[in-house]
Structures are given as structure tokens and as C-alpha cells.
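Asker: Line by line, the protein sequences give chains R and B.
This note's numbering applies: residue 71 is where the first sequence begins, and numbers increase by one.
This note's numbering applies: residue 71 is where the second sequence begins, and numbers increase by one.
Beta carbons are placed, not taken as given, at the ideal position from N, Cα and C, and that holds for glycine.
Quick one: this structure, given as C-alpha cells, is what I'll be asking you about.
Protein chains: 2
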Amino acid sequence: MISFEDFILEDNGPIYLQIIRYVKRGIVSGSIANGEEMISRRALSALLGVNPNTIQKAYHLLEEEGIIRSRSGAKSCVEVDERQKEEIRRSLLVQDTLTWVQAMQQMGVEKEAALRLAEDIWGDSGEKR
Amino acid sequence: MISFEDFILEDNGPIYLQIIRYVKRGIVSGSIANGEEMISRRALSALLGVNPNTIQKAYHLLEEEGIIRSRSGAKSCVEVDERQKEEIRRSLLVQDTLTWVQAMQQMGVEKEAALRLAEDIWGDSGEKR
DNA sequence: TAAAGTGTATTATATGACTCATACACTTTT
DNA sequence: AAAAGTGTATGAGTCATATAATACACTTTA
Chain R
71 MISFEDFILE DNGPIYLQII RYVKRGIVSG SIANGEEMIS RRALSALLGV
121 NPNTIQKAYH LLEEEGIIRS RSGAKSCVEV DERQKEEIRR SLLVQDTLTW
171 VQAMQQMGVE KEAALRLAED IWGDSGEKR
Chain B
71 MISFEDFILE DNGPIYLQII RYVKRGIVSG SIANGEEMIS RRALSALLGV
121 NPNTIQKAYH LLEEEGIIRS RSGAKSCVEV DERQKEEIRR SLLVQDTLTW
171 VQAMQQMGVE KEAALRLAED IWGDSGEKR
């Protein structure tokens with residue numbers, strides 16, 4: 071079951087979008103597999119200290135995107151085929167990277183300097199290994 | 071004068087934060103110099119098609135951060151010393167890069183693959199040269 | 001079967017972001 | 001001095017986000 075153990079609530083954007091992003095990134099990394107059960111809306115609400123309606127909004131949008139499947143009464147499940155997974159992967163990778171690259175370019179940072187900085191910070195930041 | 075010619079209104083976040091970000095990045099890149107005049111609030115409002123109050127909020131926060139200086143009746147001016155410039159530079163560079171690195175790591179992307187992707191996208195995105 | 005858990009829906013309230021309209025005092029320009 | 005431009009302030013209204021309190025039908029579990 072997707073427990074949202076390592077999910078951390080940020081203050082950058084709407085909570086429901088953070089939840090959607092967390093699920094999508096989990097699918098891309100493989101930590102969230104097809105067919106897996108989602109934690110219930112009420113349980114996640116209690117875990118994060120967030121209103122149930124906010125969780126419902128995130129789950130509802132995930133279902134509209136065809137990423138999870140809900141049957142009234144039972145827990146929601148992840149339901150993505152390989153084509154969807156690859157589409158999500160490309161979308162997130164390109165979008166996040168483009169955002170960063172444009173930021174660096176707007177600040178007049180040279181490509182080599184930017185890549186070196188990223189390499190430095192990569193090490194400082196939790197090295198998943 | 072800072073004309074906001076190349077400023078583009080995004081739909082990611084609050085407009086007043088986008089304006090603040092634009093000014094800060096301009097200072098970092100050197101395209102916005104110390105002592106330079108800001109475009110007037112009403113003029114920027116008309117240029118962007120955004121309410122004057124939204125512009126005022128951005129300018130007011132920029133003044134609270136000690137980045138611009140306003141005299142009632144005259145145009146606002148940029149007023150930053152070298153220490154502030156360096157502080158803004160470090161803050162923006164580290165924060166933007168950290169955000170990107172963490173995104174890549176959460177998606178299980180290897181460092182080399184991430185850097186290669188960034189290098190690819192760097193070329194596609196408007197090469198300021 | 002009965003209880004607990006779950007998805008779903010409704011109404012209400014509060015806050016932040018943005019818009020619209022207007023007003024006043026100050027500076028620059030004519 | 002007069003006009004135009006500018007910074008600053010106020011009050012009202014809309015929309016998105018998040019909260020709060022219930023309620024009902026369905027599935028799973030004891």
C-alpha cells in the first residue's frame with residue numbers, strides 16, 4: 071500500500087497538487103507500482119493533518135487523469151499502463167528540467183557553471199544509496 | 071529604465087511573485103543595474119494587463135526587502151549594494167538548483183542522466199548568444 | 001449479519017490572490 | 001502656476017484554496 075511515509079508537506083504550492091506530484095514521481099521512480107492500493111482518504115487526511123476534502127480533490131483529479139481507479143466502498147488503486155508511465159516520465163522530466171534551465175539562463179549563468187553547481191548540490195542532498 | 075520588455079506572464083504562481091522574481095534575476099544577471107529607474111506602477115499595469123494593486127503589492131514587497139526605493143511622486147529606483155546582490159545570487163541559484171535536483175532524485179534519475187538531459191534542453195531553449 | 005472502513009456528496013466559513021473604482025498628496029514636466 | 005505623471009490608500013467584489021461538519025451508499029472485515 072502507498073503509505074505516504076516519506077511525503078513532506080511543502081509551502082510552495084497547493085496541497086492537492088503536491089499530492090498529485092508525489093504520486094506521479096513515485097510511478098516514475100518505480101516506488102509506486104501498477105495495481106497498488108492507495109492509503110484511504112481519511113487516513114491520509116489524518117496523517118498529513120489536512121482536510122479530507124483537500125485529499126478528495128487530489129484523488130479525484132488523479133482519477134480524472136486515469137492514474138488511479140476508485141470503487142465506492144473499497145480502497146482506490148493505481149492503474150497505469152506502460153504508455154501512461156512513459157508519458158508521465160517524459161512530461162515531468164522535461165518540464166522540471168526546462169524550468170531550471172530557463173531560470174539559470176535568465177540569471178546569466180553559463181551552462182558549465184550551472185551543471186557544476188547541480189553536481190555539487192546533488193551530493194549534499196540526501197544521496198539515495 | 072527597467073521596461074519589463076522580455077517579461078512573460080506565467081500561470082504557475084501569483085503574479086506579484088513573478089514580478090519580484092523577474093527583478094531579482096535581472097539583478098543577478100546584471101541586466102538590471104543599481105540606481106536604475108523602475109517602470110511606473112500604472113505603466114506596468116497597462117503593459118501586463120494586470121491590476122495596479124497587484125503591481126503595487128510586488129513593488130511594496132521589493133521595497134520591504136530593501137531592493138528598491140520609492141519617493142512619493144517620483145519613480146521608484148533600484149538600490150542594492152554588492153553584499154545584497156551576492157546574497158540574492160546565492161539564494162536564487164541554490165534554491166532553484168536544489169528544487170530541480172530533489173525532483174530528479176525523487177524520480178530515481180541518475181546524476182549523469184539528469185545532467186545529460188539538462189545539457190540537451192539547454193540547447194533547445196533560446197541559447198542567449 | 002453487524003460493525004467498521006471507504007468513496008462520495010453537500011453546505012458553510014475563512015483566507016489569499018486578483019480585479020475594479022476611486023481618491024489624495026507629491027514630483028516632474030510643460 | 002497648471003497639467004500630467006507618480007506613489008499611496010481605501011473599500012467592494014470574484015475566484016481558488018483550504019477548512020469544518022455531516023450524511024449516505026457501498027465494501028470489507030470481524
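1) Out of B:Arg153, B:Asp151 and B:His130, state which residue places its alpha-carbon closest to the alpha-carbon of Ser142 (chain B).
2) At least one CB of chain R closer than 8 Å to the CB of Met177 (chain B): is that the case?
3) Would Ser195 (chain B) and Gln175 (chain R) qualify as a contact pair, given that the criterion is a beta-carbon distance under 8 Å?
4) From the beta carbon of Gln172 (chain R), is the nearest beta carbon of chain B less than 8 Å away?
5) Relative to the C-alpha of Arg112 (chain B), which residue among B:Val171, B:Gly100 and B:Lys127 is closest?
6) Could you tell me the distance, in whole angstroms, from the CA atom of Val150 (chain B) to the CA atom of Leu87 (chain B)?
7) Three or more beta-carbon pairs under 8 Å between the region 184 to 192 of chain B and the region 73 to 84 of chain B, yes or no?
8) Give a yes or no on whether 8 Å exceeds the smallest Cβ distance from Leu168 (chain B) to chain R.
9) What do you reckon, are the CB atoms on Thr124 (chain B) and Ile90 (chain B) nearer than 8 Å?
10) Alpha carbon to alpha carbon, how far is Gln165 (chain B) from Gly83 (chain R)? Give it in angstroms, no decimals.
11) For Glu106 (chain B), which option in B:Val93, B:Arg186, B:Leu114 and B:Leu117 has the closest C-alpha, if you only look at C-alpha atoms?
12) Can you check DSSP and say which residues form a bridge with Ile72 (chain B)?
13) Going straight from the alpha carbon of Glu152 (chain B) to that of Leu118 (chain R), what length do you get?
14) When we look at the beta-carbon of Met71 (chain R) and count the other beta-carbons within 10 Å, is it buried (16 or more) or exposed?
15) Quick check: what's the CA-CA separation for Arg95 (chain R) versus Pro122 (chain B)?
Answerer: Straight from the coordinates:
1) Taking the first residue of the second sequence as 1, we reach residue 142 (chain B) at position 72. For Ser142 (chain B), the nearest C-alpha among the options comes from B:His130.
2) As a position in the second sequence, residue 177 (chain B) is number 107, starting the count at 1. At least one chain R Cβ lies under 8 Å of Met177 (chain B).
3) The residue given as residue 195 (chain B) occupies position 125 in the second sequence. The residue given as residue 175 (chain R) occupies position 105 in the first sequence. At the C-beta level, Ser195 (chain B) and Gln175 (chain R) come within 8 Å of one another.
4) Residue numbering aside, residue 172 (chain R) sits at position 102 when the first sequence is read from its first letter. Chain B, which has a Cβ nearer than 8 Å to the Cβ of Gln172 (chain R), makes this yes.
5) By 1-based counting over the second sequence, the position of residue 112 (chain B) is 42. When C-alpha distances from Arg112 (chain B) are compared across B:Val171, B:Gly100 and B:Lys127, the shortest belongs to B:Lys127.
6) Residue 150 (chain B) sits at position 80 when you count from the first residue of the second sequence. Residue 87 (chain B) sits at position 17 when you count from the first residue of the second sequence. About 19 Å.
7) With the cut-off at 8 Å, the region 184 to 192 of chain B and the region 73 to 84 of chain B do not touch.
8) In the second sequence, residue 168 (chain B) corresponds to position 98, counting from 1. At least one chain R Cβ lies under 8 Å of Leu168 (chain B).
9) Sequence index remark: in the second sequence, residue 124 (chain B) carries index 54 (1-based). Sequence index remark: in the second sequence, residue 90 (chain B) carries index 20 (1-based). No, these two residues do not count as a Cβ contact at 8 Å.
10) Taking the first sequence and counting its residues from 1, the one referred to as residue 83 (chain R) is at position 13. Taking the second sequence and counting its residues from 1, the one referred to as residue 165 (chain B) is at position 95. If you take the alpha carbons of Gly83 (chain R) and Gln165 (chain B), they lie about 15 Å apart.
11) Your numbering for residue 106 (chain B) matches position 36 in the second sequence. Ranking the options by Cα distance to Glu106 (chain B), first place goes to B:Val93.
12) Within the second sequence, the letter at position 2 stands for residue 72 (chain B). According to DSSP, which records beta bridges pairwise, Ile72 (chain B) is partnered with B:Met108.
13) Counting from one through the second sequence, the residue named residue 152 (chain B) turns up at place 82. Counting from one through the first sequence, the residue named residue 118 (chain R) turns up at place 48. C-alpha of Glu152 (chain B) to C-alpha of Leu118 (chain R): approximately 42 Å in a straight line.
14) Here residue 71 (chain R) corresponds to residue number 1 of the first sequence, with the count starting at 1. Around the Cβ of Met71 (chain R), a 10 Å sphere holds fewer than 16 other Cβ atoms; the residue is exposed.
15) For this step, residue 95 (chain R) is matched to residue 25 along the first sequence. For this step, residue 122 (chain B) is matched to residue 52 along the second sequence. One C-alpha to the other measures close to 39 Å.
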